[in-house]
Every structure is written in C-alpha cells, then in structure tokens.
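Line by line, the protein sequences give chains F and W. For the first sequence, our numbering begins at 496 and goes up steadily by one. For the second sequence, our numbering begins at 496 and goes up steadily by one. Backbone N, C-alpha and C fix where the C-beta goes; we use that ideal spot for every residue, glycine too. Okay, so here's the structure we're looking at.
2 protein chains.
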Amino acid sequence: MKLAIDHKSPIPLHIQAEQLLRELIKDPAYQAGKLLPNEVELAKKLAISRTTLRQAINKLVYEELLIRKKGFGTKVANSRISSKSMNWLSFSQEMKARGINVKNYELHVSWVFPDESTASFFDIGTDKKIVKMERLRGSSDSPFVYFISYFHPRIGLTGEEDFKRPLYEMLEDEYSTIANLSKEEISALEANKFIAGKLEIEAGSPVLFRKRFVYDQGERPMEYNLGYYKAESFVYTVESRRT
Amino acid sequence: MKLAIDHKSPIPLHIQAEQLLRELIKDPAYQAGKLLPNEVELAKKLAISRTTLRQAINKLVYEELLIRKKGFGTKVANSRISSKSMNWLSFSQEMKARGINVKNYELHVSWVFPDESTASFFDIGTDKKIVKMERLRGSSDSPFVYFISYFHPRIGLTGEEDFKRPLYEMLEDEYSTIANLSKEEISALEANKFIAGKLEIEAGSPVLFRKRFVYDQGERPMEYNLGYYKAESFVYTVESRRT
DNA sequence: GCTTAAACTATGTAAATACATAATTAAGCT
DNA sequence: AGCTTAATTATGTATTTACATAGTTTAAGC
C-alpha cells in the first residue's frame with residue numbers, strides 16, 4: 496500500500512490523491528471519527544497543492560464518504576449504508592468503498608423451477624429449471640442482508656461460475672451480459688421465520704424488502720432479485736429533481 | 496430570470512453560476528445538443544474566473560446533466576427520462592392515479608419549536624416556532640399513512656391555509672414556492688405506540704419510513720417531511736438506468 | 001463566576017496563471 | 001484525391017496567492 500504520490504506518473508495527481516484518501520479513511524481511527532489532517536498540512540505532506548487535494552476531497556464529499564465542517568475539520572461520514580451510487584454498484588463494491596469488510600455467510604446456487612411471477616417476468620414457462628442464487632452477506636460482525644437471485648436462461652449460466660466475484664462484473668466478463676436498467680420496489684415487511692433466522696433477528700421484526708427487476712442492453716429481463724435487509728442497518732436514498 | 500451574476504450578493508459566485516447554468520441548459524437549443532459557450536468565453540461573459548465557472552460546471556457534470564469532452568466542448572447529456580417523476584406527484588394525485596379514493600382521517604396544523612435536526616436542515620435556530628402539519632390519510636377503509644411536515648419560515652405560511660388542496664400546488668399558487676429537488680431516505684422501522692395507534696396496527700409492526708428533504712428553486716430547504724406507511728399498503732418504486 | 005471579546009484554526013471562496021492533452025480542422029505534400 | 005502533419009480549439013491539470021467565514025478555544029473585563 497503506497498501512501499505517497501508519484502509526480503512522474505501519468506495518472507493525474509488529484510486522482511492519485513483520491514485513491515490514496517480512499518485507502519486512508521479505512522483506518523479504524525478515521526472510521527471512528529478522528530479528524531483527517533487539515534488540508535494545508537496534508538497537501539504539504541503529499542507534496543501537492545491544496546487546490547489539487549481539495550479536488551480529491553470534493554469527490555469523496557460528493558459521494559458522502561466524507562463530511563467537511565468549516566473551521567472544524569474533515570471526517571468520515573458516519574456511514575449508514577446508503578448512497579446515490581448504491582443503485583449501480585454491486586453490494587461488495589459499495590461496502591468496499593465504505594471500508595466495510597464484506598463477509599459471505601452463505602452462498603448457495605441451485606437449479607429450480609421458477610414460480611409464477613418469476614416465469615412471468617422472464618416470459619418463460621414454469622417447466623424449465625433456471626439458476627437460483629441465495630446469498631447471506633454482512634459485515635464481519637453479523638449478517639445484514641439476504642439475497643435471492645434468479646437468472647434468465649438466455650444468459651447461459653451453468654451454476655458453476657465464480658459467484659464470489661462482483662456479480663455484474665462476472666456477468667459482463669463471462670457472458671457479455673450488461674445490466675442496463677433496473678426497476679425496483681421497496682417496501683417494509685415482517686421477517687418470517689426463515690428470513691429472521693438468516694438475519695439473526697426475531698420473527699416479526701421489520702425488514703426492508705427490495706424487489707429488483709434487472710434488464711440487459713436490449714431491455715430484456717435478465718435477473719430477478721429479492722433482497723431482505725435488516726432494518727436498522729440499511730437506508731435507501733433517492734434524489735430526484737423536478738423536470 | 497436573470498442571467499447575470501451579482502458580485503455583491505452574499506451567495507457564492509459558483510453557486511450563482513451553477514443555478515444560472517441550470518436555467519441556461521433548459522434552452523431547447525442546448526437540450527437539442529448545441530455546445531455551451533466555451534469556458535474561457537463564458538467566464539468572461541459572466542465576469543467570473545474560469546476556475547469558479549468550472550466549479551459550477553463540475554457539479555452538473557457530477558449530476559450527469561452535462562458532458563464535457565476535451566478539445567470539443569460541453570453539452571447537455573441526453574437525459575434519460577425515468578419514472579422518477581413519480582416522486583413528484585403529491586400523495587393525493589398519486590392515489591388518484593391509482594384509482595384510490597383518499598380519505599383524510601386527521602389534519603392538524605400547529606406552530607412548534609423545531610427539534611435539532613429540523614432546525615439544522617432549515618439552518619435556523621431552535622427558538623423560533625415554525626409551522627408543523629400532521630396528517631393521517633388512507634383509503635375509505637382504513638388509514639395507511641401518517642405524515643409530519645415542517646415548513647421553513649421563509650415561505651411565510653400562517654397555518655390558516657387550505658391544506659386540503661394538493662400541497663405543492665397550494666404552495667406554488669399562494670406563495671410562489673416551487674418544490675424543485677427532493678432527497679429521500681427510505682428505511683424500515685418498528686412502529687412505536689404513537690404511530691401504531693394512528694395506523695391502527697400493533698406496536699412493533701413494521702412500517703415503511705420515508706424522510707424527505709425538499710428544496711425550492713434556489714436549492715434552499717423548504718420542507719422536511721416524515722412519512723410512516725403501513726407496511727403492507729405501500730411500495731416505493733425506483734427506476735434507474737446505467738450511465 | 002459569568003459574559004464578552006479576541007485569537008486561532010480549518011475550511012470556503014475566488015482569481016490569475018501556465019502548461020498539457022484530446023478532438024477537430026486546415027494545410028501541405030506526393 | 002488521399003495521406004500526413006501542423007495549427008487551432010476547448011477542456012484537463014496544477015500551482016500560487018489572498019482573503020472570507022464558521023467553530024472552537026483562550027483571554028479580558030466586569
């Protein structure tokens with residue numbers, strides 16, 4: 496892990512600084528709320544101008560990873576899990592950006608007959624098996640989300656793929672299938688016994704439930720995803736502007 | 496709409512420039528793909544430095560409203576139109592569109608001291624009362640959402656307005672205050688006794704909780720809205736496209 | 001002891017300047 | 001005409017400098 500900036504590199508200094516900051520803020524001390532070195536000092540230490548450093552910091556502030564307070568300092572945002580980018584970063588990438596170590600508690604891939612609604616979304620029959628993936632993930636402390644994904648047979652998954660890789664990256668690399676459009680429905684549910692057991696909460700406790708309909712480049716359905724999030728650990732953010 | 500920058504205004508120049516750009520790009524010519532004036536020229540015309548202008552442009556680029564190409568120019572991104580506009584229907588309009596008859600179970604308007612977080616969002620003190628509106632609404636059968644709204648004193652509400660009208664329509668008509676930007680956070684909660692009583696459910700049952708930060712034309716905070724939705728009766732939909 | 005004022009700290013805003021680089025256009029050569 | 005090269009254009013990167021302003025801490029005054 497290099498914590499220095501290479502002035503001879505063709506990579507712009509502010510990009511280098513940005514990446515360096517992303518690493519830096521993973522430090523438990525900063526995660527715990529310790530202020531970052533002030534801009535003037537940090538710029539000096541990195542041998543770049545304050546303007547350039549601010550350019551880097553700005554990006555992280557925009558992503559809501561950092562918070563700046565005039566006259567006080569800059570610190571890591573107390574990250575509940577949420578962000579605009581959430582929609583298009585896969586779960587593991589999002590967690591990585593926040594310095595949270597993702598742990599896979601369970602990963603199960605199987606071939607199953609689709610239920611009515613899944614078959615209907617995929618526009619296929621209920622008599623042909625498709626790939627189902629179940630995944631229990633969370634921080635190192637505890638699981639906080641349970642995913643179920645169904646994949647359209649068109650993609651050609653075998654079920655033997657490396658599902659430990661970021662999902663959409665894998666699909667793009669191995670099957671040239673690019674997730675392009677997603678429609679989501681978010682609601683609150685009582686955890687049933689099964690989900691409660693997985694998330695290690697009481698049955699009947701609230702969970703945030705997200706249905707996700709994912710379409711490929713040709714607007715064809717490719718994935719049907721169900722996500723059950725432990726209530727207190729997940730906030731979904733939406734930003735919209737009047738048009 | 497003034498297309499000039501006021502150097503004597505306390506509003507930072509790059510913020511003014513940003514707002515000005517937001518207006519400018521509404522011009523059909525720019526929407527159609529015409530290049531914006533180049534940075535050096537535009538800065539000169541606005542009588543600000545290129546650095547400051549770039550600061551403004553950067554924001555719109557972050558928001559994916561503008562696209563820059565080195566050596567070529569800057570133009571409006573061909574904006575994907577998503578059903579995000581859904582969020583811009585008020586509750587009653589939304590219900591109407593679904594063919595559900597809205598019943599107002601309770602409507603209570605009062606003047607109260609804002610709590611910390613509300614005051615902080617509005618950037619005011621906690622020692623001056625503001626207008627609070629509480630509203631319990633639902634279908635003809637039963638209530639299914641409890642709203643709490645706080646309004647910024649800038650708007651000038653008296654508390655005597657006709658809150659039975661669609662809210663944003665009333666604000667626009669009576670106070671020329673237009674809701675322009677909304678940031679929302681959606682999560683799942685256990686209903687406390689108060690909310691449970693209102694929604695006629697058991698305490699501890701899940702509710703979908705939506706915080707909504709609403710800003711006006713000048714990106715100034717205007718409304719802080721809390722919504723508690725009975726879990727089984729509300730689904731939040733989001734549509735997003737990869738960029 | 002309490003309040004007020006001043007000093008200090010760190011971010012916020014703004015400009016002027018210089019050069020690098022990608023995309024496009026024009027010029028020049030065979 | 002078709003290719004290569006040079007000039008032009010507009011954004012990209014980076015520094016230096018200066019002062020403003022919001023929070024915090026310290027000192028002064030009553």
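For the stretch 531-544 of chain W, there are no residues whose beta carbon sits under 9 angstroms from a beta carbon of chain F.
Cβ atoms of W:LEU721 and W:ILE643 come within 8 angstroms of each other, at about 4 angstroms. For the options W:ARG705, W:LEU631, W:ALA698, W:ARG715, the alpha carbon positioned closest to that of W:PRO648 is the one of W:ARG715. In the DSSP annotation of this structure, the continuous segment of the beta strand (DSSP E) that includes F:SER682 starts and ends at 676-685. The residue among F:ARG707, F:SER612, F:LEU515 with its C-alpha nearest the C-alpha of F:GLU680 is F:ARG707. The three-state reading of DSSP puts W:LYS627 in strand, counting E and B together. With respect to the 8 angstroms criterion, W:ALA551 and W:ALA614 are not classified as neighbours on the basis of their beta carbons. DSSP lists no bridge partner for F:SER615.
Restricting attention to W:PHE658, W:SER682, W:VAL640, the CA atom closest to the CA of W:ILE690 is found in W:VAL640. In the three-state scheme derived from DSSP, where H, G and I count as helix and E and B as strand, F:THR621 is classed as coil. Linking W:HIS603 to F:GLY692 through their CA atoms gives a straight-line distance of about 41 angstroms.
Around the beta-carbon of F:LYS688, fewer than 16 other beta-carbon atoms lie within 10 Å, marking it exposed. The closest CA to that of W:TYR600, considering only W:LYS570, W:LYS623, W:SER637, W:PRO609, is found on W:SER637.
With 16 or more neighbouring CB atoms inside 10 Å of its own CB, W:LEU515 falls in the buried class. At a beta-carbon threshold of 9 angstroms, the residues of chain F lying near W:GLU685 are SER700, PRO701, ALA726, ordered along the chain.
Per DSSP, F:ASN596 is not a residue of any alpha helix (DSSP H), being assigned neither H nor E. Under a 10 Å Cβ-count criterion, F:THR546 is classified as exposed, with fewer than 16 other Cβ atoms of the shown protein chains found around its own Cβ. Among the bridge pairs identified by DSSP, W:HIS603 is matched with W:GLU629. The beta-carbon separation of W:VAL702 and W:TYR724, rounded to 6 angstroms, stays under the 8 angstroms limit for a contact. Residue contact with chain F for W:PHE729: present (Cβ-Cβ distance below 8 angstroms to some residue of chain F). Contact residues of the stretch 648-681 of chain F toward chain W are ILE673, ALA674, ASN675, LEU676, SER677, LYS678, GLU679, GLU680, ILE681 (C-beta to C-beta distance below 8 angstroms). With a threshold of 8 angstroms between beta carbons, F:TYR723 makes no contact with chain W.
Contact note: W:TYR557 reaches chain F through TYR557, using a C-beta cutoff of 8 angstroms and chain order. Residue nearest to F:GLU697 within the set W:SER700, W:TYR663, W:GLY620 is W:SER700 (criterion: CA-CA distance). With respect to the 8 angstroms criterion, F:SER612 and W:ALA726 are not classified as neighbours on the basis of their beta carbons. Look at F:LYS554 here: in three-state DSSP terms it is helix. Following the DSSP letters along the chain, one finds F:LYS564 inside the beta strand (DSSP E) bounded by residues 561-564.
The continuous beta strand (DSSP E) containing F:PRO701 extends over residues 701-710. Check the Cα spacing between W:PHE729 and each of F:PHE704, F:SER728, F:VAL730: the tightest is with F:PHE704.
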